Amino acid sequence: MMKAYIRREFLARRRALSENEVAQRSDRLRKHLIQRFPTDDWQWLHVFLPILQQKEPDTWGIIREFLHAGSSVKLAVPVVQADGRTLRHYHLAPDTQLVDSRWGIPEPVGAAEVQPVQLDAVLVPLLAFDENGHRVGYGKGFYDEFLGQCRPDALRIGLSLEPPVSRITDSWPGDIRLHACITPEKVWRFEV
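What the sequence shown shows, in full-length UniProt numbering, is residues 1 to 192, in sequence order.
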């Protein structure tokens, strides 16, 4: 399947989900992450802050898990820069103040910047993924650029509310593949 078709199809599927369905699926994603990944080995986990009105996977449960459970894992979150094309990353602590950006995305205020090379794992937002670890996002290329700045050993873990498509046919060499993708039903792992 082509990315443009997948993008339209999976946006429509997501819009059709109820808030309750998104919440239930998001909680299963959280449980899989905690149960199936070596989170105790991580110093830094990068988590996207969800755009809830777009019915993205709700990562607030994951964030609470690490901020309030006595975890030693530190969290980093992305911020879209004023140019609208690049991301920078900031430490999210229990006392970090958040404000909504012009895009409706919560962003930390006054937090310390975190460099991509510090990250041990990145939770990657996506609309869809395939059985080879390729993903389809919103099409802006934010995460391909960002993931290219991370260490090669940093785990790239997608969060998907839906199972994979069999194959994305128009992936290109600049697309950075996932090491794993968590769905409500299972964890998919990929040879990268």
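Glycine is no exception: its CB is placed at the ideal position from the N, C-alpha and C atoms.
Keep in mind that this is a model prediction, so the values were computed, not measured.
- Task: Determine which residues share a DSSP beta bridge with I157 and list them.
- Result: L123 and A180
- Item | Three-way DSSP call (helix, strand, coil) for P116 in this model | helix
- Task: Can you tell me which of the three DSSP states R189 falls into?
- Result: strand
- Tell whether a beta-carbon distance below 7 Å holds between A112 and H89. no
- Message: Helix, strand or coil, according to DSSP, for W42 in the structure here?
- Response: In the structure shown, W42 sits in coil (DSSP, three-state: anything other than H, G, I, E or B).
- In whole angstroms, what is the alpha-carbon distance linking Q115 and V22? Distance from the CA of Q115 to the CA of V22, rounded to the nearest whole angstrom, comes to 31 Å.
- Under 8 Å by Cβ, that's how I've got P78 and L87 pegged, so tell me the actual separation to the nearest angstrom. 4 Å
- State whether the region 13-33 contacts the region 53-65, with contact taken as three or more CB pairs (one from each stretch) at a distance under 8 Å. yes
- Item | Contact check, L123 vs I157, beta carbons under 7 Å | yes
- Item | Cβ separation of L119 and C150, assumed to be a contact under 8 Å, to the nearest whole Å | Contact between L119 and C150 holds: CB atoms are separated by about 5 Å, below the 8 Å threshold.
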